[in-house]
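Novice: Heads up: the sequence shown begins at 70 in this note's numbering, then just goes up one per residue.
We put the CB at the ideal spot given by N, CA and C, even for glycine.
Bear in mind that the values here come from a model prediction, so they are computed numbers and not experimental data.
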Amino acid sequence: MSMKFQSNRAQVMAKHMRAKKAAHAAIGQFVSSKARLLSPVDTSNLRNSISSKAELEKVVIGTSADYGIYVEKGTGIFAEDNNGRQTPWMYRDPKTGKMVKTQGQRPQPFLRPAAENNKPQIIQVGTSTYSSLMR
């Protein structure tokens, strides 16, 4: 009686990589949607700029709005970790054209809480997506 060994390793690994990337994409969509719900809204630019990018080993979630970091972490005397300017300053309000004195902006976190407050759901989304594709 002869036996023959056939390796399916390449097919299984390819399927694993596709499932892993799909799980990352699902996690990115989930966390992005939670961040959009938490983001402060004035013109909707910040909310609409939140996106995710699934990579093989990680998911990158962020905003393309240049002021997103200042909303997330605050500015001036209110900045997280005391990382802001400690003296008041003046700027011209683009809407009114008037000079305004400020000490900064309080943080309004929306990205970190979207991930940190939903860890069990994130695990569930990733696990169910991966499992369904590996069957």
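With DSSP collapsed to three states, give me the class of Thr221.
Specialist: The structure shown has nothing for residue 221, since the chain only spans 70 to 204.
Novice: Helix or strand or just coil, what does DSSP make of Gly97?
Specialist: Looking at Gly97 - three-state DSSP - the assignment turns out to be helix.
Novice: Let me know if Gly166 comes out buried or exposed under the rule of 16 or more other beta-carbons within 10 Å of its beta-carbon.
Specialist: So Gly166 counts as exposed.
Novice: Cα separation between Ala92 and Ser197?
Specialist: Straight-line Cα distance between these residues: approximately 8 Å.
Novice: If I measure Cβ to Cβ from Met159 and keep anything under 8 Å in the same chain, skipping five residues before and after, which residues do I get?
Specialist: Hits under 8 Å: Met168, Val169, Lys170 and Thr171.
Novice: Please report the straight-line C-alpha distance between Thr112 and Glu141, rounded to a whole angstrom.
Specialist: Straight-line Cα distance between these residues: approximately 16 Å.
Novice: Quick one: Cα of Pro157 to Cα of Thr144, how far?
Specialist: In a straight line, the C-alpha of Pro157 is about 11 Å away from that of Thr144.
Novice: At which residues does the beta strand (DSSP E) containing Gly131 begin and terminate?
Specialist: Taken as a continuous stretch (DSSP letters only), the beta strand (DSSP E) holding Gly131 covers Val128 to Thr132.
Novice: Our contact map puts Ser101 next to Ser121 with C-beta atoms below 8 Å; I'd like the distance itself, whole angstroms only.
Specialist: Rounded, the Cβ-Cβ distance is 5 Å, consistent with contact.
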